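Engineer:
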Amino acid sequence: MSGNTEISYDSMIPNNVGLSSDKRVLKALEKWHPGYIKWWNDLIPKKFQESRVYLRTAVGVDPKGWAKFDYVKMPEYRWGILLAPQVEGRTIPCGEHVGEPAWQEVPGEYRALLRRLVVIQGDTEPASVEQQRFLGQTAPSLYDLRNLFQVNVEEGRHLWAMVYLLHKYFGADGREEANDLLRRSSGSEEAPRMLGAFNEETPDWLSFFMFTYFTDRDGKMQLESLAQSGFDPLSRTCRFMLTEEAHHMFVGETGVGRTIQKTLEVMNEAGITDPFDIQKIREHGVIDLPTLQKKLNLHYTLSLDLFGQEVSTNAANAFNSGIKGRYMEHRIDDDHRLSDATYPVSRFTGDGIQLEDVPALTAMNMRLRDDYTKDASGGVGRWNKMIEKAGVSFTLKLPHVGFNREIGAFAGQPICPEGNVLSQESYDSQVADWLPSTADGDYIQSLMVPVTEAGKYASWIAPPKVGIDNKPGDFEYVQLHMA
Ligand SMILES: [Fe+2]
Ligand SMILES: [Fe+2]
Numbered sequence: 030m031s032g033n034t035e036i037s038y039d040s041m042i043p044n045n046v047g048l049s050s051d052k053r054v055l056k057a058l059e060k061w062h063p064g065y066i067k068w069w070n071d072l073i074p075k076k077f078q079e080s081r082v083y084l085r086t087a088v089g090v091d092p093k094g095w096a097k098f099d100y101v102k103m104p105e106y107r108w109g110i111l112l113a114p115q116v117e118g119r120t121i122p123c124g125e126h127v128g129e130p131a132w133q134e135v136p137g138e139y140r141a142l143l144r145r146l147v148v149i150q151g152d153t154e155p156a157s158v159e160q161q162r163f164l165g166q167t168a169p170s171l172y173d174l175r176n177l178f179q180v181n182v183e184e185g186r187h188l189w190a191m192v193y194l195l196h197k198y199f200g201a202d203g204r205e206e207a208n209d210l211l212r213r214s215s216g217s218e219e220a221p222r223m224l225g226a227f228n229e230e231t232p233d234w235l236s237f238f239m240f241t242y243f244t245d246r247d248g249k250m251q252l253e254s255l256a257q258s259g260f261d262p263l264s265r266t267c268r269f270m271l272t273e274e275a276h277h278m279f280v281g282e283t284g285v286g287r288t289i290q291k292t293l294e295v296m297n298e299a300g301i302t303d304p305f306d307i308q309k310i311r312e313h314g315v316i317d318l319p320t321l322q323k324k325l326n327l328h329y330t331l332s333l334d335l336f337g338q339e340v341s342t343n344a345a346n347a348f349n350s351g352i353k354g355r356y357m358e359h360r361i362d363d364d365h366r367l368s369d370a371t372y373p374v375s376r377f378t379g380d381g382i383q384l385e386d387v388p389a390l391t392a393m394n395m396r397l398r399d400d401y402t403k404d405a406s407g408g409v410g411r412w413n414k415m416i417e418k419a420g421v422s423f424t425l426k427l428p429h430v431g432f433n434r435e436i437g438a439f440a441g442q443p444i445c446p447e448g449n450v451l452s453q454e455s456y457d458s459q460v461a462d463w464l465p466s467t468a469d470g471d472y473i474q475s476l477m478v479p480v481t482e483a484g485k486y487a488s489w490i491a492p493p494k495v496g497i498d499n500k501p502g503d504f505e506y507v508q509l510h511m512a
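Every position in the sequence shown, counted from 1, becomes a number in this note's numbering once 29 is added.
1) In the DSSP assignment, find the beta strand (DSSP E) that holds D99 and state where it starts and stops.
2) Which residue wins for smallest C-alpha separation from A483, given the options E205, P169, K93?
3) Assign Y139 to one of three DSSP states: helix, strand, or coil.
4) Excluding the 5 residues flanking G216 on each side, which residues of the same chain have their C-beta closer than 6 angstroms to its C-beta?
5) Between the stretch 347-358 and the stretch 385-393, are three or more C-beta pairs nearer than 8 angstroms?
6) Taking just the CA atoms, how far does S80 sit from F163?
7) Can you say whether L263 is buried or exposed, counting buried as having 16 or more other CB atoms within 10 angstroms of its CB?
8) Is any heavy atom in ligand 1 found nearer than 7 angstroms to the beta carbon of M270?
9) Taking only three categories from DSSP, how would you classify R222?
10) Does any heavy atom of ligand 1 sit closer than 7 angstroms to the C-beta of G248?
11) How about I108 and G47: do their beta carbons lie closer than 8 angstroms?
12) In chain order, what residues of the same chain have a beta carbon less than 7 angstroms from the beta carbon of A299, not counting five sequence neighbours either side?
13) With a threshold of 7 angstroms (Cβ to nearest heavy atom), would H187 be considered close to ligand 1?
14) Please determine if the stretch 102-119 and the stretch 188-198 are in contact, where contact requires at least 3 C-beta pairs separated by less than 8 angstroms.
15) Check the C-beta distance from Y506 over to Y83 and give it rounded, since I have them as a contact under 8 angstroms.
16) Just to confirm my understanding: we take K500, look at its own chain, exclude 5 residues before and 5 after, and list those with CB closer than 7 angstroms. What are they?
17) CB of E482 to nearest heavy atom of ligand 1: below 7 angstroms?
18) Do you know how far the Cα of S49 is from the Cα of N33?
19) Could you tell me if T467 is buried or exposed, where buried requires 16 or more neighbouring beta carbons within 10 angstroms of its beta carbon?
20) Look at G286 and T241 and say whether their C-beta atoms are less than 8 angstroms apart.
21) Does the Cβ of R175 have 16 or more other Cβ atoms within 10 Å, making it buried, or fewer, making it exposed?
22) Taking the CB atoms as reference points, tell me whether F178 and P304 lie closer together than 8 angstroms.
23) Taking the continuous alpha helix (DSSP H) assigned at P388, which residues delimit it?
24) I believe W132 touches D261 by the beta-carbon criterion, under 8 angstroms. Please report the beta-carbon distance rounded to the nearest angstrom.
25) For my contact list, L321 and I289 are in at a C-beta cut-off of 8 angstroms; report their separation, rounded to the angstrom.
26) Once DSSP output is grouped into helix, strand and coil, what is the label at F432?
27) Note down the Cα distance separating T167 from T120, rounded to an integer number of angstroms.
28) Looking only at its own chain, which residues have a Cβ that is under 7 angstroms from the Cβ of V478, when we skip the five neighbours before and after it?
29) Take L325 as the anchor and find which of A370, L425, E274 has the nearest alpha-carbon.
30) For M357, count the other beta carbons within 10 Å of its own beta carbon; 16 or more makes it buried, fewer makes it exposed. Which is it?
31) R145 CB to nearest chain D CB: under 8 angstroms?
32) Counting only runs of 4+ residues fully inside the stretch 392-431, write out the alpha helix (DSSP H) ranges in chain order.
33) From this set, P493, L210, C267, H62, which residue's C-alpha is nearest M250's C-alpha?
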């Protein structure tokens with residue numbers, strides 16, 4: 030290896046895309062990199078930048094050994110560009126080009142559509158880091174702090190992944206889009222992030238766990254459908270991102286689970302049998318189940334909005350052109366063109382909520398949203414098992430898809446979590462029972478005290494059953510920089 034800066038820069042970025050021999054893209058990434066590092070440094074408080082965090086870094090794409098764990102200072106994290114291995118003879122899985130060889134270059138006619146999808150996906154990645162930037166200060170343990178930062182650095186890597194595609198395949202306009210990904214900012218007045226849920230705050234750790242469970246799962250569904258893309262580099266990029274995404278949802282599911290666990294333990298010890306005895310439960314510094322249900326309602330419905338309109342010609346075009354497939358497209362047994370197929374979508378009329386068959390091509394968003402709901406119900410079932418096992422009579426539920434919506438057929442309609450259409454008056458008088466109130470938020474906030482001693486946990490959350498990378502319970506996941 031020579032002392033050439035380009036080559037040393039290449040070796041700094043773990044990659045399997047032959048960056049060292051792709052001078053043009055390497056140069057473009059070199060130019061983009063300082064802005065990225067500035068974004069990261071402006072965002073994450075200095076004391077954490079200088080702390081040593083036990084992180085996994087993606088160093089390859091072999092399913093058996095793609096990551097290595099070690100202490101890293103986050104600004105020195107090696108954000109790699111990794112694509113799942115090319116599948117020999119891969120064909121376009123859906124739409125009018127089904128069965129043709131997958132594209133290795135951007136097909137001219139779909140260039141704008143593809144670029145837009147890459148940009149929308151790319152925009153969500155840094156947005157979530159921005160939303161979560163205050164949480165380090167109140168982490169309930171070093172274990173959780175480490176998980177937060179793991180999710181953050183990987184969302185950063187996902188941004189890199191999309192920026193690589195923009196630089197590699199979209200020329201000057203790709204470069205501009207890559208710069209804009211660092212210009213927009215979550216919650217900003219002038220230049221907000223592109224999607225609503227990514228401009229909301231993540232004010233506390235329960236929100237973080239709900240976000241990683243519900244909103245990262247939307248990310249999973251989007252990545253799954255882009256992993257089906259006939260544009261092979263996008264497909265390969267998304268396939269590898271999904272490997273990391275699984276951990277984010279694990280953080281969410283176990284985070285909510287450990288919160289529930291602690292509440293159940295405390296109720297049991299204190300002899301509280303009524304889950305609605307909120308006052309008494311809160312005296313013990315844990316989060317009552319009805320409040321958990323409200324947080325669940327909020328994050329699930331915000332995430333449903335990310336799927337867009339139930340009926341959409343853009344979504345039809347993306348499928349028909351072979352740019353975006355359905356969830357598990359390869360496992361679906363049909364013609365993968367959907368020329369005559371129909372799909373039932375929900376509609377809201379003056380008479381209430383109805384299902385109506387529409388051309389399946391136009392119902393792609395609704396279908397993906399339905400798949401999402403099925404996927405999201407798994408963890409809810411596992412949480413309920415814990416509650417049942419503790420002998421507490423309470424069941425967490427996903428609310429009706431019409432509840433609390435801002436996008437699609439149910440936007441702004443007074444529909445309760447059970448799916449009944451109410452008068453606006455009746456809805457307004459009960460909504461505080463369904464969504465977190467300011468008082469609920471204040472209570473949760475009051476529990477957010479940082480715990481920085483290895484192996485110790487805040488009052489409201491149980492320790493994990495197993496450590497990260499099989500580390501013991503008192504492992505120091507973050508060596509905090511004190512100064
Ligand atoms: Fe991501
Ligand atoms: Fe994620």
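Using N, Cα and C, we set each Cβ at its ideal position, and we do this for glycine too.
The structure presented is a predicted model; accordingly, all values stated were derived computationally and were not measured.
Structural biologist: Taking the coordinates as given:
1) 96-101 is the span of the beta strand (DSSP E), which, as asked, contains D99.
2) Answer by Cα proximity: P169.
3) For Y139, the three-state secondary structure derived from DSSP is helix.
4) Only N228 meet the Cβ criterion.
5) Enough Cβ pairs lie closer than 8 angstroms, so yes.
6) When rounded, the distance between both Cα atoms is 16 angstroms.
7) So L263 counts as buried.
8) Distances from the CB of M270 to the heavy atoms of ligand 1 include at least one below 7 angstroms.
9) In the three-state reduction of the DSSP assignment, R222 falls in the coil class, being assigned neither a helical nor a strand state.
10) Under cutoff, so the answer is yes.
11) Residue identity differs from the one stated: residue 108 is Trp in this sequence, not Ile. Contact: no.
12) Leaving aside the five residues that flank A299 on each side, the residues in its chain whose CB is nearer than 7 angstroms to its CB run, in chain order, H313.
13) Flag set: Cβ of H187 near ligand 1.
14) The stretch 102-119 is in contact with the stretch 188-198.
15) The beta carbons of Y506 and Y83 sit about 5 angstroms from each other, so the pair counts as a contact at 8 angstroms.
16) Counting only residues of its own chain and dropping the five nearest sequence neighbours on each side, K500 has no CB closer than 7 angstroms to any other CB.
17) Within 7 angstroms of the C-beta of E482 there is not a single heavy atom belonging to ligand 1.
18) In this predicted model, N33 has a pLDDT of only 28, less than 50, meaning its place in the structure is not dependable; the value taken from the coordinates is given anyway. Cα atoms of N33 and S49: separation of roughly 11 angstroms, rounded to the nearest angstrom.
19) It is exposed - the Cβ of T467 has fewer than 16 other Cβ atoms within 10 Å.
20) No, the Cβ-Cβ distance between G286 and T241 is not below 8 angstroms.
21) Burial of R175 is indicated by the presence of at least 16 other C-beta atoms within 10 angstroms of its C-beta.
22) Against a cut-off of 8 angstroms, the Cβ pair of P304 and F178 comes out as no contact.
23) Per DSSP, P388 lies in no alpha helix (DSSP H) segment; the continuous beta strand (DSSP E) that holds it begins and ends at 381-388.
24) Contact holds; Cβ gap of about 6 angstroms.
25) About 7 angstroms separates the Cβ atoms of L321 and I289, confirming a contact at the 8 angstroms cut-off.
26) DSSP places F432 in the coil class of the three-state scheme, outside both helix and strand.
27) Near 48 angstroms, if we compare the C-alpha coordinates of T120 and T167.
28) Around V478: T167, A487.
29) Out of A370, L425, E274, L425 has the C-alpha closest to the C-alpha of L325.
30) With fewer than 16 other CB atoms across the displayed protein chains lying within 10 angstroms of its CB, M357 is exposed.
31) Considering every chain present, this structure includes no chain D. It has just one protein chain.
32) If we require 4 residues or more, the alpha helix (DSSP H) runs fully inside the stretch 392-431 come out as 393-418.
33) Its Cα nearest to that of M250, the residue C267 stands out among P493, L210, C267, H62.
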